[in-house]
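>
Numbering (my numbering), first residue to last: 7 to 107.
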């Protein structure tokens, strides 16, 4: 699995540190569920099966300098924003249900 990214510290920490801790703690941190647990579980499953390389990609380069890797990064970034907005809405709903109790 090849993960191009521009926030290397977060991705590296998640892949080689946080995932194992979260899994061991039943996908919780400090007794609370982690954000986007289902997505992190899917990532953990894939990471366990495949060799993973994380490599820095410059983000938001001018279109005149963009190569295929930059264009792919932009597409992945847009898809991630859509998925994150869905997760955020779900978490907002769960919070409202919790507060209503």
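Beta carbons: idealized from backbone N, C-alpha and C, even for Gly.
#1: Could you tell me the boundaries of the beta strand (DSSP E) in which residue 69 lies?
#2: So, with DSSP's three-state summary, where would you put residue 107?
#3: Do residue 79 and residue 65 have their C-beta atoms within less than 8 Å of each other?
#4: Output yes or no for whether 8 Å exceeds the beta carbon distance between residue 63 and residue 75.
#5: Counting only the same chain and skipping the five closest in sequence on each side, list residues whose C-beta sits under 7 Å from that of residue 43.
#6: Compare the C-alpha of residue 48 against each of 26, 73 and 91 and name the closest.
#7: Would you call residue 28 buried or exposed, if buried means 16 or more other Cβ atoms sit within 10 Å of its Cβ?
#8: To which residues of the same chain is residue 18 closer than 8 Å at the C-beta, ignoring the five residues directly before and after it?
Taking the geometry as given:
#1: Careful: residue 69 lies outside any beta strand (DSSP E) and carries neither H nor E.
#2: With a pLDDT of only 48 at residue 107, under the threshold of 50, the placement of this residue in the model should not be trusted, and no figure is reported.
#3: Closer than 8 Å, so yes.
#4: yes
#5: Cβ-Cβ distances below 7 Å link residue 43 to 33 in the same chain, with the five nearest sequence neighbours on each side left out; the list follows chain order.
#6: 26
#7: buried
#8: 60
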